[in-house]
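Number of protein chains: 2
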Amino acid sequence: MAEGRRSRAVMDLRDRVLSGEFPAGARLYEVQIAETLGISRTPVREALGQLEREGLLERVPSGGFAVRTFTFDDVADAIELRGVLEGTAARLAAERGAEPARLHRIEQVLDGLDRATAEESYDFGAYEALNAEFHALLAGLSGSEILRVEIERAARLPFASPSAFLRGQQGVPAFHRSLIGAQAQHRAIVEAIDLREGTRAEGVAREHARLARRNLEYVMFEDRSLIDRVPGLSMVVG
Amino acid sequence: MAEGRRSRAVMDLRDRVLSGEFPAGARLYEVQIAETLGISRTPVREALGQLEREGLLERVPSGGFAVRTFTFDDVADAIELRGVLEGTAARLAAERGAEPARLHRIEQVLDGLDRATAEESYDFGAYEALNAEFHALLAGLSGSEILRVEIERAARLPFASPSAFLRGQQGVPAFHRSLIGAQAQHRAIVEAIDLREGTRAEGVAREHARLARRNLEYVMFEDRSLIDRVPGLSMVVG
DNA sequence: CAGACCATAAATGTATACATGAAGCTGTCA
DNA sequence: TGACAGCTTCATGTATACATTTATGGTCTG
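Chains as they are written, first to last, in my numbering: chain R, 25 to 262; chain Z, 25 to 262.
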């Protein structure tokens, strides 16, 4: 039994909250959850605290936990925040210099992304995985563990993560074209870091996050049927 | 019945960790703490989890919690991070426009800071309180709750907070002069926001945080006797 | 009929008992 | 003497029992 009941409760509850099984603002009852999972209240309580830390739940003043609710503006700000943090990672990597090994790895990922987006061999699944890896590598490129963890934190709000809207947009016509643009930004960020152009790296990384905001607007205002495909958007009211 | 045993345990443990009573890296034993506080392990456990969220403790892989350790670079990066976030708050306030009531309040605080730093009526205690209020107001000036909370989080690492090094430097000769410079930056930030000069506001706010970095360097490398006066510096190794 | 108060039920907060697993020690054997 | 096995100890993980608080619903009163 590798992981303990606590971790399993965390994973289970996280999935259920993100899937929308618990509506936004709904209170979570320890006893009910404990019975469902067949464990005692103690690890459930710990799991609820963990999910609060992740930003998915909030403490109710009178006691207990409830599913957190977000407005459209909250989501937009969370995306902006990620852009600012990734921009800082890019700038610091440029200013301080990134380790060659790390730069080499992220350039390999760039090549992989090129192949995944090429017309003749378009592979959405590969793109999704490589995109996540690119952003993870970028977060650590400056060597600052403090910053890396903070970016990870900011991207843990599911709708703020770099991969949040990929799945939702998979079928949209203009989507493949937007991937080409995104990939151009990826390359520009790494090139700027390589050339020690900190301001450029920061600016492009910020702008890159704006793609997510545009996708958010599309999903929320143009084609709401896609909402269910973006994890965590069930927590957005309005 | 004020706050429940959990909150009291949090406050007590936070103080003791920051005071250096538990050395960096030291493990915290639930039973021992519970006995000291005269409560059971359950609220102690919750308190430890809370302090992990605040970044003061970390989970030990084999189980339990230990006092987190930071390097000098970690502290410098945490300060840089706060500067980036406060810079973003200033920029967004400028770009989006700040509520007049909020702007008015922060300008009143600016006037108070002027009085507190004036030669004839220098009042360190007042400066400390007003400085904290200035930074709290700045964090909320853009109206983004997401950002405000994130700044609060970043400033919860005690050595990264805007007031961290004030007390430590209280007796240093050049200190009063540096306060004058800091106050000039405060005014420049608010002026830039008022004039909707987002880039300027962001830049000055970032530079403002660099004062903390300079103070950190002074305390760590010039006069280490001051270390004990800055809360949380006991967690820094080296 | 509105409002306040009490009773009751249910959920969380806290304490304690039990289970599990990790770390250290001791004794023995190579 | 060194190393390893097994045991012992102790700390945490988990379960359960108890206490306290909160929400609710119904009734009584003005």
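C-beta: ideal position from N, C-alpha, C; glycine also.
Asked	Found
Tell me the rounded alpha-carbon separation between Z/M25 and Z/A33.	Note on Z/M25: pLDDT 41, under 50, position unreliable in the model; the coordinate value appears next. Using only the alpha carbons, I get a separation of about 14 Å.
Say whether chain R places a C-beta atom closer than 9 Å to the C-beta of Z/L109.	yes
If distances are taken between C-alpha atoms only, which option among Z/E54, Z/Q132, Z/G256, Z/S43 comes closest to Z/A179?	Z/G256
Which whole-angstrom value is the C-beta distance of Z/L235 and Z/T141, which I expect to be below 8 Å?	No, Z/L235 and Z/T141 are not in contact; Cβ-Cβ is about 14 Å, not under 8 Å.
Exposed or buried, which one is Z/V55 when buried takes at least 16 other CB atoms within 10 Å?	exposed
Give me, in chain order, the residues of the same chain whose beta-carbon lies closer than 6 Å to that of Z/A50; leave out the 5 immediate sequence neighbours on both sides.	V91
Under 7 Å Cβ to Cβ from Z/A58, same chain only, skipping five residues before and after it: list those, please.	S64, R65, V68
Sorted by chain position, which residues of the same chain lie with C-beta nearer than 7 Å to Z/Q194's C-beta, five sequence neighbours on each side aside?	F148
Beta strand (DSSP E) containing R/R83: first to last residue?	81-83
Just how far apart, CA to CA, sit R/L168 and R/E82?	The amino acid at residue 168 of chain R is misidentified as Leu; the sequence shows Ser. Whole-angstrom Cα-Cα distance: 29 Å.
Does Z/V254 come out as helix, strand or coil in the three-state DSSP assignment?	coil
I'd like to know if Z/F148 contacts chain R, where contact means its C-beta is closer than 9 Å to some C-beta of that chain.	no
Can you find a C-beta in chain R that's less than 9 Å from the C-beta of Z/L1?	Nothing about residue 1 of chain Z can be reported from this structure: the residues present for chain Z run from 25 to 262 only.
May I ask which residues mark the beginning and end of the alpha helix (DSSP H) holding Z/F94?	From DSSP, Z/F94 is part of no alpha helix (DSSP H); its letter is neither H nor E.
Might you give, ordered along the chain, the residues of its own chain that have their beta carbon closer than 7 Å to the beta carbon of Z/F245, omitting 5 neighbours on each side?	none
I'd like the span of the alpha helix (DSSP H) that includes Z/Q283, first residue to last.	With chain Z represented from 25 up to 262, any question about residue 283 of chain Z goes unanswered, as that position is not in the structure.
On a Cα-Cα basis, can you pick out the residue from Z/V133, Z/I213, Z/A122 that is closest to Z/A229?	Z/I213
Can you list, in chain order, the residues of its chain whose CB lies under 6 Å from that of R/L42, leaving out five sequence neighbours each side?	P182, P255, G256
Please list the terminal residues of the continuous alpha helix (DSSP H) segment that includes Z/G227.	222-241
Which two residues bound the contiguous alpha helix (DSSP H) that contains Z/R248?	Premise fails: Z/R248 is in no alpha helix (DSSP H) and is neither H nor E.
What three-state label does DSSP hand Z/V260 in the structure shown?	strand
Let me make sure I understand the geometry here. Which of R/P124, R/E221, R/A233 has the alpha-carbon closest to that of R/A118?	R/E221
In the region 126-153 of chain R, which residues sit with their C-beta less than 7 Å from some C-beta in chain Z, listed in chain order?	none
Could you compute how far the alpha carbon of R/R29 sits from the alpha carbon of R/E174?	27 Å
Is the Cβ of Z/A33 closer than 9 Å to any Cβ of chain R?	no
How is Z/F183 classed by DSSP in three states: helix, strand or coil?	helix
For Z/F46, name the three-state secondary structure that DSSP assigns.	coil
So Z/Q193 is in the alpha helix (DSSP H); what residue range does that whole segment cover?	190-193
State the start and end residues of the unbroken alpha helix (DSSP H) segment that holds Z/E54.	54-61
Anything in the region 171-186 of chain Z with a Cβ closer than 8 Å to a Cβ of chain R? List those residues in chain order, please.	L171, E174, A178
For the alpha helix (DSSP H) containing Z/Y151, name the first residue and the last one.	148-164
Of the residues R/G44, R/F94, R/D101, R/A122, which one's Cα is nearest the Cα of R/V261?	R/F94
Going along the chain, which residues of its own chain have a beta-carbon closer than 8 Å to the beta-carbon of R/Y53, five neighbours each way excluded?	G88
Note the first and the last residue of the continuous alpha helix (DSSP H) segment covering R/S86.	Premise fails: R/S86 is in no alpha helix (DSSP H) and is neither H nor E.
Measuring only the C-alpha atoms, how far is R/A114 from Z/I251?	32 Å
Going by beta-carbon coordinates alone, are R/H210 and R/L134 separated by less than 9 Å?	yes
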